[in-house]
Structures are given as structure tokens and as C-alpha cells.
Amino acid sequence: MKKLINNPAIVVEEALSGMAHAYPHLLRVNFCPNYIVRADAPRRGKVAVIAGGGSGHEPMHGGFVGLGMLDAACPGPIFTSPSPDQILAAAAAVDGGAGLLFIVKNYTGDVLNFAIAAEECQLAGVPVQTVLIHDDVAVEDSLYTAGRRGVGVTVLAEKICGAAAEAGASLEEVAAIGRKVSEQGRSMGVALTSCIVPAVGRPTFVLPDDEMEIGIGIHGEPGRRRAPLQSADAITDILATTIFDDLPFTRGSRVIALVNGMGGTPLMELYIIFRRLAELCEERDITISRNLIGNYITALEMAGCSLTLLAVDDELLHWWDAPVHTPALRW
Amino acid sequence: MKKLINNPAIVVEEALSGMAHAYPHLLRVNFCPNYIVRADAPRRGKVAVIAGGGSGHEPMHGGFVGLGMLDAACPGPIFTSPSPDQILAAAAAVDGGAGLLFIVKNYTGDVLNFAIAAEECQLAGVPVQTVLIHDDVAVEDSLYTAGRRGVGVTVLAEKICGAAAEAGASLEEVAAIGRKVSEQGRSMGVALTSCIVPAVGRPTFVLPDDEMEIGIGIHGEPGRRRAPLQSADAITDILATTIFDDLPFTRGSRVIALVNGMGGTPLMELYIIFRRLAELCEERDITISRNLIGNYITALEMAGCSLTLLAVDDELLHWWDAPVHTPALRW
Amino acid sequence: MTPTPMVEIASMIAWINRYADRISEHQAWLTALDAEIGDADHGINMQRGFEEVRMRLAHEHVDDLGVLFKGIGMTLLSKVGGASGPLYGTLFLRMGMVAAGKQTLTPVEFANAVAAGVEGIRQRGSARPGDKTMVDALMPAIIALHQALDDGATLCAALQAAAAAAEAGMKATIPMQAYKGRASYLGPRSIGHQDPGATSAFLLVQSAAESLCAAEHNSD
Amino acid sequence: MTPTPMVEIASMIAWINRYADRISEHQAWLTALDAEIGDADHGINMQRGFEEVRMRLAHEHVDDLGVLFKGIGMTLLSKVGGASGPLYGTLFLRMGMVAAGKQTLTPVEFANAVAAGVEGIRQRGSARPGDKTMVDALMPAIIALHQALDDGATLCAALQAAAAAAEAGMKATIPMQAYKGRASYLGPRSIGHQDPGATSAFLLVQSAAESLCAAEHNSD
Ligand SMILES: Nc1ncnc2c1ncn2[C@@H]1O[C@H](COP(=O)(O)OP(=O)(O)O)[C@@H](O)[C@H]1O
Ligand SMILES: Nc1ncnc2c1ncn2[C@@H]1O[C@H](COP(=O)(O)OP(=O)(O)O)[C@@H](O)[C@H]1O
Ligand SMILES: [Mg+2]
Ligand SMILES: [Mg+2]
Ligand SMILES: [Mg+2]
Ligand SMILES: [Mg+2]
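Spelled out as C-alpha cells, the structure:
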């Protein structure tokens, strides 16, 4: 296992400590339980936007704490959702009296832990709304399954809800905006390599040199199917058309496009993917109004990428363009 | 070779095409010869800041084209410096009548190609100044060698010179600021893996699972020495103390610190490195006034990192803090 | 006829400590199972949680089974994380509600407490039998436990029957396609792998049988 | 005594085309040598440049050796990139200056043109013999070439002597530590590897010998 770490047992804490040293003007880090909050938390009268999930997806979520995005992030152990007491402690630190918005990726662990925390908050009289992100079109959706995973749309939802909350929108308004994002965004990913969970020390799966995993999530797990490695264009075609075939991308729509690296893929390759995605959108008369290209929601050092398209209107673009100042997203 | 590419022969062109699609408001891409210029080039009366080098180091340099940073970037083939005609064409596209500043990393190829271009410009009556970046303390410096490589300081010099040029400083002033940055910055890097040059298809070198290369550059080449893999803290100690032992970091100095990923290293690991670097600086009474943590000057998908420290005063911090709007750096 | 041996606090603590041992022994195995169809952390999660439970049990004196189980549940909830943390946490929290205020339980009361816990897991996770989760080991176990006690078996014998049922349930997850949890993302590719949560659940029941049979033997 | 055979444009084009063949054949080898102590692109760079040269030569009619060499130099300058582009580019640009306006060269004039080119490389790159660069193959070659011509050898024989000297110079780079170019960053670790630029330089001289000997033979 080749990693720049000291001890697999404390990678999360040491990384958090690095963030605390690097961004004191933006955020504060608490240990035991671990959470990250805005430097100026709590903001009185503002809806507090809280997200969390396993670590290993950096910059998500901690890198999105700051003005116009998250009030708090709750990092669990690597690939393991945070616990309710962690979420509750973060919530207490950022509660500004206007309610809490939980942005939760649809994984059983995240859903259950945030649900327990939400129940506790409600019991204590603190209003909570939860926006569930479940955008991965690789996963079949049904009433009788765990449903689709939450992946790239999470980043967009955090930005957009964060902007609305910063502007003073009410909890119901921010939640409604978040649900709109969740409904209108779709993603799909591919892996060329697995990754190594530090405490495990071996790759989660092994891929021959001429194969790829299609329909992966963000936890170094195998995907929906294994296929022969193909060209960047062919891969983009697979991901993008699966996304297009799902609702709600129609001719004439505008989208925000995220070409996301999984942690071990160079930016150059993401540009090559974006090139093809732009062609495909043009063929379908879909306008890429905004884009984001880089490592935003990762799976440790996995090589691969994911595409996310979010259908937007003027309202969502307005919140997208609103100022943001966090370690990983700033304008 | 597992890469998200279509054809090794045209990776650079396809990536440039992706950039052209993604950032039309920031930059324009020219093909044959390949160069990237600011969308609003040429800026009349402004010193044009031009950099270039082999591709494979993304986001450097193309990702730094835009307001407050580079006027033009000349991307060569992967790891191969651009040619004089490429540099001349880019120069012609951004020349605003106030002269050209070439920021050149100290590699024989870059130096020679930019020197030939500079001679041609001078012949044509266009004033050119060249700032040479040679910050890699892993390399012994001497009159009789090629000298030190240019690595991380390049990013800082491009930002700082770009800010001064944007503010209307003269060619001599911008060049003097660039030389100050070059004199006051030092870097060193480590690799945990090599990388694969697309046209080659095999890793440039092979490292056993328990070894690392210390003192690497940014071209996937082996470093000064091979050593047993150590902890993140021990590695940071090696890199940082070699940097500290070189001029000009004294007690009480302020620095800009860059913890740079080589392309395949997750952000989490860079945070762990930054944590230790912050401790080491504190022990030495060196204040990290600003920091940058992420992939800024890379070697394709190499796993590893480099540290850069730049001793700064109020003037350099002023230019550092000035607005910048490029694909990869923005505030 | 000897009086029905009661379930004591000491034997519950013995059960949990034995389970913590089993989890440590099998951590790598549970994680490897999770690597095949999940995210390679189940053993790590469970070990983190049960080592914390073990430590707390060693330092706290408890004389109420409700308090004991609730404490275990809260610790699991805050230390395990992932899907298994809230689920195993709920199991013990519900057991704690049933056992609140008691220092001993009859075997049937114990079985009822466990049944309430398993019902809590089903409510939280809404997994149904056949979805390839821990429920597939726990449901058969609780049915076998009740059945054996109804048939007059000792708690030891009943738990042995429950462990056998849990083991069969665990193995039955191999041919199943997952519909809940992370393995469901794999769709048909989840077939052919044993569910890690069903495996840790079997170990839990097996540990109960081992430690309570030892307790029954000692009290003879 | 037959008149000294002159160096013609056609044989120069044959030389360069033969060299382009050699580079293609040995691209992987040159790149592999560069992977050991450089950045694994020397063969790729040279092939890119000389394929472009070959293409232009096939499409352009030239009847001035100065124009021919200058064109080759400019193409190399714009297509090879890296360190070798400006260096080999300079070699041919300088040869073009010496040969300007000529349709043929005597062997001595040819040797002088090459010598001017090598001197250009030394000026541009400021490498000295022993620095482990292409200079270590080119300097001995040019000395041997002049020497042989002085001794009355035919151009073919003189170029064969030059190729032998270049080969020895190339091999002599193996034990050297690099002080110029990318290999210098490796310090003592550069010892024990053959310099890729010295290797491509040897191939250039060898190609000259091969193609000019063939020309001399044809003109017999
Ligand atoms: N909805 C559910 N109901 C019951 N058990 C579940 C459910 N979802 C997952 N599980 C169990 O949890 C186990 C995985 O636990 P763990 O790996 O610790 O958490 P995570 O899946 O979050 O990484 C699965 O093997 C399965 O038995
Ligand atoms: N200063 C120099 N003078 C002469 N030759 C040099 C010099 N620097 C490098 N070279 C030659 O260039 C070769 C490398 O060329 P190439 O790999 O194409 O360029 P780069 O080093 O820029 O990748 C070296 O093997 C060496 O022979
Ligand atoms: Mg997990
Ligand atoms: Mg090169
Ligand atoms: Mg798991
Ligand atoms: Mg090279």
C-alpha cells in the first residue's frame, strides 16, 4: 500500500488537522466527535446546511464548508457514514435558529444515521429537513431496493442549497430547492482501477489491465458490470447516453455539467472526456450553461471519472452563480 | 496502460479542445501551432506574461491563463518543451505593445526553445524579458551543470507576475518581481509511483511496493535517490528540512506554502502532509501566510507530492492576493 | 425439576465480550466479504464498535439489563457508523427497552428481547427476508430460538438451534441477489457472495450460544 | 586519378531519409534509453521531427543545399521540441549557412559544414565533452572525419571512420555522470546508462556513412 500517511487508524483525524491548519479563516475543526464548521458558525437566523458521509471523498464534504455552501460537514471513517452523535454535535454548533437542512447521499448507512439524528433534533424542537441525493443512473430504482446511490449531484446540491441559505431563504425554501436539484440531476461513473482502503491495505478489487468497471459509486466498489477498456469517447458515450436516456434532459434544456475525477485521474483526461461530452450535448441541443471539471467527489486514489448533468433554470443558475468561498470551490 | 484517452498521438490536442469548450469566457485555444491565450487578448499597453512547457503537468500552464495570471500558455507534447514557432505565434497573439515576459522552467529544452523565440522577438523589435525558475533543491547547483529544475515555484511566479502585469507594471518591474520570486522560492518532491507517457505505454520506471523516489521532478523521471517508503511525517521532514537548509528561510520569515499533488495522490494525503509542514514551520518560527493544497503542477497520474516554500514580503503578498480568474486558480 | 436458569448480567457481558473476540478474530474475513460486494469496511466497523463496547464494559458497573443493552446500543450507534452501526445499535436499544429495570431474564424473556431487537432492525432498514442482509441470518435464528424454547429446550440448546439456523440463513445469502444495502448496487453481480452483515449476525448468535451454554454448564 | 566525388543534394536527401528510417526503427530503443535517465520521449521527439522532415522532402523541390539544410533545421526546430529539437535544429541551420547557394559540396566542404553545425550545438547547449550528451558522439566523429579526409580517405571511408568514432563516443557516455540535460538531475545515478542523444547522434553519422557510401559506390 503506497500512501502518504502515518497510520491507517488516524488518517481522517490527521487530514482534518491539516485542514484546520490550512483554512483557519474559513472553518473550524472539532475532534471527538469529528466535524467541520464554518469559522463564523453559528449564523443567527440562517438555515444551517449540513452534510456528511464517509471520508475518502475529499474535497467533499469538508472542502465545501464556508460562505455560500456548507455550515457543517460530518466526516465518518473512510467510506463509513458518520454516527448520529457526530451529526448532532455538528448541528448544535451551527444551529442558528432557522432550522437545519441535512443533505444526505442515499446509502443505507448515511440515511439511517442522519435519520436518527433528525429524529433527535425534532424531539428537541429543532426543525430539520432532509434532502436525499440519489442520482446514480447505473443503479436500478425501485420501491423494493435501496434505490439509487447519491454521487456527483451532491456537490451541486450543496452549492445551490448553500447559496439559497446564505441569501436568507427559509428552511422550506432551501429544502424545496434541494429537492429540485435532486430530482433534476443524474450521474454515472467508471473506474479504471480500484482503490486501497488504508485500514485494509489491499485494493478492494483487482481489474486486469484491459478492463474497466462501469457504473461504479464512490466507495472503491465494483460497478454494475465489467467491460473491456474502451476509448475515452466510447466511455463518455456510455455514461452520457445512459444519463440522457433517464429523465429529464430534453432538447433545448440547459445543464450544469460536472466531469469529476475519482482521485487518481489526471486533469488532462477529464478535459478529453469533457470534449466529447460537449459534442454529445450539442448533438442533442442541450446547452452546457456551467461546468466543473476536476476532483470534487472522489474515491481515494481510484482512477476513473463520473459525469453529472443537472437540468437547470434561471433560479438554479442564480444560486449556482452566487458567491462561494470554501477550500475547494470559490468564486 | 489505463487512461481515459482516445489516441496517444493526440491527447494534447483533445485536452486543449476540451478546455476550449469548457472555458470560452476565459480563454481561446489555437491549434497548429498549439497555444492558449486569454479570451480578451491582446491587452493593449499591458505586459504579456507567457509561459509554456511540456504537457502532462495540468492544470499548469493552460489552467492558469486568464485575468491576473497568464496571457498565453504554450503546451508542448507530453513532457516535451514547445517549439520556438509555437512560442512566437502565442507571443504575437498576446503582444499588447508593452513587452513580453517569458516565465521559463529551467530545463534544457524549455530554455533553448524560449531563448530562440526571445532572440527572434528581439530581432523584430519586441522587448522580451525571461524569468528562469530553478527551485528544485534536490538538484545540486553549479556553473558546470544544467542547474536546478523549475518546479512548484513556477505556479507562484505565474500568479505573482500576472498580478503585477495586470496592474500595469512595466516589463522591467514585472521581470524584477519574477526574479525575486525565483530567488526566494524552493521546492522538493517525492514519488510513490512513476507515470505512463501515453505514447510509450509503459511506466517510465518501476518502484517496488515498499520504496519511493526522493528528489523527483515533474516528468515521471526517477529522483536523486531511491529509499524505503516512510511515513508521511518522515517524508515531509526530509523534503521540508532540505528546503529549509537552503536559503532564504530564516526565523521570523513569512512564506507561501504549496503542497502539490503529482496527479495521482488524493487530497486527503496532501492535507496530512500539510499538517506536518505546518508543525515544522511553527518549530522554526516561520509563518505560513498563505497556502495552496492540491494538484497544480503534476506529472500525469504519478502518485507523490512536492513541497514549495516561497519567502514573501508585503509586496509579494499583495500580488498574491490580487484577483485571479483562471480555470484552476480563482479568487 | 431444577428451576429454569435465569439470564444474568454477567452472562450477557460474557456474551458480548466473546462476540468482541470473534469479531477481532474474523475482522479480516468480514472485511474481505464486504470487499466483494460492498466497500471493504464491515469488519473494521464492527471491530471499532465492539472494542469500544468491551472497553466500556470493563470500566462501568451496571446492574440493570436495560441499562446494559441501552449502553451497548448507544456505543454501537456512535462508533460503528455505516449501515451496520444504526442496525446493530437499534438491536440493542430495543433489547434494552424490553429488559428495562431487570437484573435477570427468563429464557423466554431473553428471546422476546432479542425478537424485539430484530424487529427494530427490520423497521429501521426495511429489509425483507431474501434481500441478502443480516435479516436473513437473524430472522431464522429468532424463529428457531422461540421454537426450541416452546419445545422445552434449555436456553443453551435453544441458542444452539438458533445458531444453526443463523448459519444456514447466512449461507443462504450466497445465491441471493441483494436488494438492500450497498450490495444492491451490484445488481445480479451480488449473486454468489456471502453477505458480510449476515455473517457478523451469525457470529453474534453463535457467541450467545457459546457463552450461555458455558454459563448454563457452570450453574449446573 | 578520378575527380573527387562531390556531395550532391540527392545524396543528402538520401542520408536524411535513411536517418528517418533508422529513427523509426530505433524509436522504442531511444525512448527506453531516455526512460532510464530522462523523461522517456527522445525517440518520440526525434521520430515526430524526422517524419515531418521526410514528408516535406517528398513534397518540396530544392536545388540549393543551403535551402535544404535550413529547411530541415527549421522543421526540426518546430517539430522535435525538448532539448534535442533546438540542438539538432541548430546543427542543420548552421550547415545551411555554410552551404548557402551551393548545389554540391566537396567532401572537405561537407565536413566543414557538419563541423559548423556541431559547433552550433556546443554554443547553444554549452555542453562540454564528458558531460554525457550528444556532443560526446559528435565531437569525436567530426575529428575523425577531418582526420580521415586529411589522410586522403574517400568520403565514404572518412564517414565510416567518423561513425566508428561516434559509436565509441556513444558507448563512452555509459560510465559518465551527466552534467547537462535532464540526466544531470540524477547526479551519480546517471552513471551506467547510455545517453539517448549520443545514441541518436551516432545513428545520424552512421546513416551518413551508409547513404554516402552507397552514393559513392553508385557513382563508381
Ligand atoms: N437495509 C438493511 N437492512 C438490514 N441490513 C442491512 C441493510 N443494509 C445493509 N445491511 C447490512 O449491513 C451490512 C453492511 O454493513 P457495513 O459494511 O458495516 O456498512 P456499509 O454498507 O455502510 O459499509 C450488509 O452486509 C447487510 O447485511
Ligand atoms: N546542453 C546540452 N547540450 C547538448 N546536448 C544536450 C544538452 N542537453 C540535453 N542534450 C541531449 O538531449 C538529449 C535528450 O533529448 P530529448 O529527450 O529529446 O529532450 P528532453 O531532455 O528535453 O526530453 C540528451 O540525451 C542529450 O544527449
Ligand atoms: Mg461503509
Ligand atoms: Mg522531454
Ligand atoms: Mg461496508
Ligand atoms: Mg527526453
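Protein chains in written order, with our numbering: chain R, 1 to 331; chain X, 1001 to 1331; chain D, 2001 to 2220; chain A, 3001 to 3220.
All C-beta atoms, glycine included, are put in the ideal place defined by N, C-alpha and C.
With a threshold of 7 Å, the Cβ atom of A/Asp-3041 counts as near ligand 4, since some heavy atom of the ligand is closer than that. Proximity to A/Ala-3162 across A/Met-3139, A/Thr-3173, A/Ser-3184, A/Pro-3175 peaks at A/Met-3139, based on C-alpha coordinates.
Judged by their CB atoms, X/Pro-1059 and X/Ala-1328 are nearer to each other than the 8 Å cut-off. Between R/Val-29 and X/Ile-1272, the alpha-carbon positions lie close to 14 Å from each other. Apart from the 5 residues on each side of it in sequence, R/Pro-222 sits with its Cβ closer than 6 Å to the Cβ of Phe-205, Glu-213 in its chain, given in chain order.
Within the model, the alpha-carbon separation for X/Val-1190 versus X/Leu-1239 is close to 8 Å. In this structure, the C-beta of A/Gly-3089 stays at least 7 Å away from each heavy atom of ligand 6. Annotation for R/Val-49: the continuous beta strand (DSSP E) segment containing it runs 48-55.
Residue pairing from DSSP places R/Asp-136 in a beta bridge opposite R/Ser-187. Comparing alpha carbon positions, the residue from D/Leu-2105, D/Tyr-2019, D/Glu-2216, D/Arg-2054 closest to D/Thr-2154 is D/Glu-2216. Rounded to the nearest angstrom, the Cβ distance from D/His-2042 to D/Gly-2197 is 7 Å, consistent with a contact under 8 Å. Nearest Cα to X/Glu-1140 within the set X/Gly-1066, X/Arg-1224, X/Ala-1098: X/Arg-1224. Below 8 Å, enough C-beta pairs join the segment 1076-1089 of chain X and the segment 1107-1122 of chain X to call them touching: three or more. Under DSSP, X/Ile-1078 forms a beta bridge with X/Ser-1055. Boundaries of the beta strand (DSSP E) harbouring X/Pro-1228: 1225-1228, taken from the DSSP string.
With a cut-off of 8 Å on Cβ pairs, the segment 3010-3022 of chain A is not in contact with the segment 2183-2194 of chain D, counting fewer than three such pairs.
The beta carbons of A/Gly-3125 and X/Pro-1082 sit no closer together than 8 Å. Shown here, X/Tyr-1035 sits in a strand according to DSSP, grouped into three states. Closer than 8 Å to the CB of A/Ile-3121 there is not a single CB belonging to chain X. Ranked by Cα distance from D/Glu-2025, the options D/Met-2006, D/Ser-2207, D/Leu-2212, D/Ala-2214 are led by D/Ser-2207.
Interface with chain R (8 Å Cβ-Cβ cutoff): D/Ile-2072 is excluded.
Residue contact check for X/Asn-1006 against chain R: a CB pair falls below 8 Å. Per DSSP, X/Asn-1030 lies in no alpha helix (DSSP H) segment; the continuous beta strand (DSSP E) that holds it begins and ends at 1027-1030.
Short of 8 Å from the beta carbon of A/Gly-3192, and not among the five residues preceding or following it, lie these beta carbons of its own chain, in chain order: Ile-3174, Pro-3175. Among the residues of the segment 174-194 of chain R, those with a Cβ less than 9 Å away from any Cβ of chain X are Val-190, Leu-192, Thr-193, in the order of the chain.
Listed by position along chain R, the residues whose Cβ is nearer than 9 Å to that of X/Cys-1161 form an empty set, because the closest Cβ is around 22 Å away. Your pair R/Val-37 and R/Leu-27 checks out as a contact, with CB atoms roughly 7 Å apart and the cut at 8 Å.
The count of Cβ pairs closer than 8 Å, one atom from the segment 1042-1054 of chain X and one from the segment 1017-1024 of chain X, stays below three, leaving the stretches out of contact. Within the chosen limit of 7 Å, ligand 6 reaches the beta carbon of A/Asp-3034 through at least one heavy atom. Interface annotation for the segment 1006-1024 of chain X against chain R: Asn-1006, Val-1011, Glu-1014, Ala-1015, Ser-1017, Gly-1018, Met-1019, His-1021, Ala-1022, criterion Cβ-Cβ distance under 7 Å.
Taking the C-beta atoms as reference points, A/Lys-3070 is found nearer than 8 Å to A/Gly-3096. No beta strand (DSSP E) of 3 residues or more sits fully in the segment 2142-2187 of chain D. Chain-order list of chain X residues neighbouring R/Ile-235: Leu-1004, by C-beta distance under 7 Å. For R/Ser-55, the closest Cβ of chain X is nearer than 8 Å.
Distance from the Cα of D/Phe-2110 is smallest, within the candidate group D/Ile-2121, D/Ala-2166, D/Val-2098, D/Met-2055, for D/Val-2098. The C-beta of X/Asp-1085 comes closer than 8 Å to at least one C-beta of chain A.
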